[in-house]
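Each remark here refers to the structure printed beneath this line.
In our numbering, the protein residues as written are 4 to 138.
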């Protein structure tokens, strides 16, 4: 029990040290207020999750030639670790795609991985980010 608690205390700062957390927490805070979200969206802000992130319907991030440690699963876990209460679920099956969905902090992240190490552009990861739809 003490070992588990000790590990949790040591690991907790590592989550906050993840460079993607500050951007995700900023986006999560803004999405709670429509005026703040609109202002952030119109600014030059884009979350730095992958090599290229840009405004789309929400935001989109994309990277090809992924290093082995970056997969849809590892990125989903990193995103979820930044947002308290976030949940990772498998995405809808689609031939040739590996998918995950992260919901938390008022946001939805849809991750899709395609390609392979043998493809000329390697593996590709695409992440769509948007406010969680209101029910």
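From the three backbone atoms N, C-alpha and C, an ideal C-beta is built for every residue, glycine too.
| Query | Result |
| --- | --- |
| Sheet register partners of residue 90 (DSSP bridge) | 106 |
| Under the three-state DSSP convention, the category residue 113 falls into | strand |
| Pairwise C-alpha distance: residue 40 and residue 137 | 15 Å |
| Per-residue DSSP class, three states only, for residue 120 | coil |
| Among 110, 86 and 103, the one whose alpha carbon lies nearest that of residue 36 | 110 |
| Coarse secondary structure for residue 73, derived from DSSP in three states | coil |
| Alpha-carbon to alpha-carbon, residue 112 and residue 100 | 16 Å |
| Three or more C-beta pairs below 8 Å linking the stretch 67–86 and the stretch 113–132 | yes |
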